[in-house]
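Residue numbers (the UniProt record's numbering), protein chains in the order written: chain X, 1 to 332; chain A, 1 to 332.
Ideal Cβ positions, reconstructed from N, Cα and C, are used throughout, including at glycine.
In this text, all values refer to a predicted model and were calculated from it rather than measured experimentally.
There are 2 protein chains.
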Amino acid sequence: MNANQILLDSRPEGLPTADNFKQTSVQLPAITKGEFLVKNLWMSVDPYMRGRMIDRESYIAPFQIGQVLEGGSIGEVIESNNPQFPIGTRVSAMHGWRSHYVTDGSEHTRLPNTPMSESHFLGVLGMPGMTAWTGLTRIAALKEGDTLFVSGAAGAVGSVVCQLGKLMGAKVVASVGSDEKAAYLRDLGVDAVINYQTTKDLSAALKQAAPQGIDVYFENVGGEHLTAALNNMNDHGRIAVCGMISQYNDTAPTPGPNNLGMIIIKKLKIEGFIVFEHWDHYPEFAKKMGQWLATGTVKAEQTIYQGLEQAPAAFIGLFEGKNRGKMLVKLD
Amino acid sequence: MNANQILLDSRPEGLPTADNFKQTSVQLPAITKGEFLVKNLWMSVDPYMRGRMIDRESYIAPFQIGQVLEGGSIGEVIESNNPQFPIGTRVSAMHGWRSHYVTDGSEHTRLPNTPMSESHFLGVLGMPGMTAWTGLTRIAALKEGDTLFVSGAAGAVGSVVCQLGKLMGAKVVASVGSDEKAAYLRDLGVDAVINYQTTKDLSAALKQAAPQGIDVYFENVGGEHLTAALNNMNDHGRIAVCGMISQYNDTAPTPGPNNLGMIIIKKLKIEGFIVFEHWDHYPEFAKKMGQWLATGTVKAEQTIYQGLEQAPAAFIGLFEGKNRGKMLVKLD
């Protein structure tokens, strides 16, 4: 059995290009006792993977040049010597960027039977959805009546943050990068949308969208968005720092906001988080989110690229704003 | 009875100068029923007052041009029609920058009898001491075995933070602006001192002083100090943001640290605070600190300028690093 897979061929400088990736074919070994063969159905591309392409110490080890990339995946067992994972089992794992692989099942999760597409376990029911939930509940402690500002609001995390924010009784102000995304966010029921690409003064636009001020900022973007948020935070506001995608492709460090004094003046709390440290409340989250999805209370948008060879384009597209909701690659 | 007092004559641009202040004399009215006359003995100058000289919204109203400045004061009742404040009572209030004043006693605190100088109620037993205590206990939750980094470490707040840090079982790394201050900090028992004025690479110096990383950063300075701290924080580190004195005299906004991504990578918590919101635990603090002072466990350094007319120089001196411990003005 041959597997197609995508390697990191060189470390990107700035925005990744197709040249940083290399598709290869490898012959898989026959499965031995306890092992099984998985055919991947879906793989995830996520902004955090850009950080793993840099050779540095972080909360997760860097990708190595010449090695297969990793990321969230959903697959089906097509050959098995492991009674825990019989043929036909659907599994989620961190084995994306390849068509097939052999495993003993460690760090594999069996997916429950659900009428929904299993792809949602890479999105709203998976890491991005849990990130939204964790940031709002555990980090920022959003409460009814708060005003919530969300940057990167049309993305896999942001679009769930917006919807959960409304469900939790907040007024939601969203920032996106196109009018088409703005319309999508309005359809999701947010109270105000800013298209930052056509906005000259983001602080002023935010003040206009939320004259009562911001209680919680869900930070996905960094830079100018953080500056604008700081200018518009209310006293004792909370900032849950999930990502700073505007800076992931910087070739030189970007200076931070020039208004950090607001942290003192407004007595703000700013907290970064990594969702994997909060996985203990995944069962609670999955139960709630499963119901919200089933009833249509939460809508799970996806942008789907077709075929493993499209994975680099899908990944690069994350930084070009090409996705609405979760960016996914469907494998053939 | 004539009182001497100092007005804000113009708003400073950059570092304040003597020209921003004006000393005048005013005739005080006779005291009526319920009122008393106070002769000030001590007044406090503090970095936060620079913020009040800017005409902007903040947690405290700006000073107005042509009006007497305000700030912490210790005085003695020398005439009284108020049985709560008989002649000889020592009071603390926010009535600095003047020699005498008439009051009905609202927002005045009677000082307890203590063998120590009453001036400590403007320092280690007052707002700066409480700020140190609040930042370490309520904001940063310093615990035994933590490594604590303190900037502005020779100041009224910083010097107490360092001593409390040692008392709480932390390893303490201090940053100061002169070798003489460094020696003072070493005498106080801190584990390592950096003179940032003679240090080329503050991040590298901090890494050398604390190779095990920083768990808590007590932020008094901002700018390069914050950058260096972010580079050296451990996972789940906490930053208590008390002040950013390096920026108080900026005539244009200074860009922030270019490494805010560390907030995510290291899952940091950064929190600004204003001590007056935490005054509910002042009695607990005062009891502990009173004992520490009495036993010499905490040492209360003071830099004293003599005479009301020296108050502007004392205030300006705060930004020139002229104080060691609490900067005070002793009135004649």
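Residue closest to residue i, alpha-carbon to alpha-carbon, out of the options
| i | options | result |
| --- | --- | --- |
| VAL107(A) | MET94(A), ASP179(A), GLU118(A) | The sequence given here has Glu at residue 107(A), not Val. The candidate whose alpha carbon is nearest that of GLU107(A) is MET94(A). |
| CYS242(X) | PRO257(X), ILE274(X), ALA156(X), LEU268(X) | ILE274(X) |
| GLY66(A) | ALA229(A), TYR59(A), PHE21(A) | PHE21(A) |
| TRP97(A) | PHE319(A), PRO283(A), VAL26(A) | VAL26(A) |
| ILE74(X) | GLY126(X), PRO12(X), TRP133(X) | GLY126(X) |
| VAL172(A) | VAL190(A), GLU180(A), GLY237(A), GLN197(A) | VAL190(A) |
| ILE239(X) | VAL221(X), GLN197(X), LEU41(X) | VAL221(X) |
| residue 353(A) | MET53(A), GLY177(A), MET130(A) | Past the boundaries of the shown model lies residue 353(A); chain A is included only from 1 to 332, so the question cannot be answered. |
| residue 386(A) | SER246(A), GLU284(A), PHE319(A) | With chain A covering 1 to 332 only, the question about residue 386(A) has no answer from this structure. |
| MET244(A) | ILE87(A), ASP104(A), SER151(A) | SER151(A) |
| GLU320(A) | HIS278(A), ASN249(A), VAL298(A), SER119(A) | ASN249(A) |
| LEU167(A) | VAL157(A), ALA153(A), GLY145(A) | GLY145(A) |
| GLY88(X) | GLU76(X), GLY34(X), ALA141(X), TYR184(X) | GLU76(X) |
| LEU328(X) | ASP104(X), ARG56(X), SER119(X) | SER119(X) |
| GLY317(X) | ILE31(X), VAL45(X), LYS33(X) | VAL45(X) |
| THR303(X) | TYR48(X), SER159(X), VAL38(X) | SER159(X) |
| PHE121(X) | ALA156(X), GLY105(X), PHE149(X) | ALA156(X) |
| SER80(A) | PRO47(A), VAL38(A), GLN64(A) | VAL38(A) |
| ALA313(X) | ASP19(X), ASN2(X), ASN4(X), PHE36(X) | ASP19(X) |
| ALA311(X) | MET1(X), PRO16(X), MET233(X), LYS207(X) | PRO16(X) |
| THR131(X) | ALA286(X), LEU268(X), ALA229(X), SER58(X) | ALA286(X) |
| GLN208(X) | PHE149(X), SER246(X), THR251(X), ALA153(X) | PHE149(X) |
| VAL298(X) | PRO12(X), PRO29(X), GLY123(X), HIS225(X) | GLY123(X) |
| LYS143(X) | ILE214(X), PHE315(X), ALA153(X) | ILE214(X) |
| ASN232(A) | GLU219(A), PRO211(A), GLY223(A), LEU185(A) | PRO211(A) |
| TYR305(A) | TYR282(A), HIS281(A), LEU331(A), ASP280(A) | LEU331(A) |
Residue i classed as buried or exposed, judged by whether at least 16 other C-beta atoms fall within 10 angstroms
| i | result |
| --- | --- |
| LEU202(X) | buried |
| residue 391(X) | Examination of residue 391(X) is not possible in this model, given that chain X is present from 1 through 332 alone. |
| ALA174(X) | buried |
| GLY296(X) | exposed |
| ALA300(X) | buried |
| THR24(A) | exposed |
| GLU70(X) | buried |
| residue 333(X) | Because residue 333(X) is not part of the residues shown, which for chain X are 1 to 332, the question remains open. |
| MET289(A) | buried |
| GLU271(A) | buried |
| GLY237(A) | buried |
| PHE276(A) | exposed |
| LYS326(A) | buried |
| ASN113(X) | exposed |
| GLY261(X) | buried |
| ASN40(X) | buried |
| ASN2(X) | exposed |
| TRP292(A) | buried |
| HIS225(A) | buried |
| ALA153(A) | buried |
Residues that residue i contacts on chain A, provided the C-beta gap is smaller than 7 Å
| i | result |
| --- | --- |
| residue 334(X) | Absent from the structure is residue 334(X), since the part of chain X shown begins at 1 and ends at 332. |
| ILE270(X) | ILE263, ILE270 |
Per DSSP, the bridge partner or partners of residue i
| i | result |
| --- | --- |
| TRP292(A) | Looking at the DSSP assignment, TRP292(A) forms no beta bridge with any residue, so it has no partner. |
| ILE239(X) | TYR217(X), ILE270(X) |
| GLU79(X) | LEU37(X) |
| HIS100(X) | LYS39(X) |
| HIS95(A) | GLY71(A) |
| LYS326(X) | GLN302(X) |
| ASN195(X) | VAL176(X) |
| LYS22(A) | LEU7(A) |
| PHE85(X) | Note: PHE85(X) sits in no beta bridge, so no partner. |
| ASN2(A) | GLN27(A) |
| THR251(X) | According to DSSP, which records beta bridges pairwise, THR251(X) is partnered with nothing at all. |
| PHE149(A) | VAL173(A), TYR217(A) |
| MET233(A) | ILE214(A) |
Beta-carbon neighbours of residue i, restricted to chain X and to distances below 7 Å
| i | result |
| --- | --- |
| THR254(A) | ASN258 |
Interface partners of residue i on chain X, CB under 8 Å
| i | result |
| --- | --- |
| ILE13(A) | The displayed chain sequence assigns Glu, not Ile, to residue 13(A). Chain X residues near GLU13(A): none, gap ~17 Å exceeds 8 Å. |
| PHE273(A) | ILE264, LYS267 |
| GLU277(A) | LYS267 |
*Below 8 Å between beta carbons is the criterion; list the residues of the segment 227-251 of chain X that meet it against any residue of chain A, in chain order.*
ASP235, VAL241, CYS242, GLY243, MET244, GLN247
*asked:* Please identify, using Cβ separations under 8 Å, the residues of the segment 205-229 of chain A that lie next to chain X, in order along the chain.
replied: GLY222, LEU226
*Quick one, which residues of the segment 86-112 of chain X are near chain A if we go by CB-CB under 9 Å, in chain order?*
Those residues of the segment 86-112 of chain X that come within reach of chain A (Cβ to Cβ, closer than 9 Å) do not exist; the list is empty.
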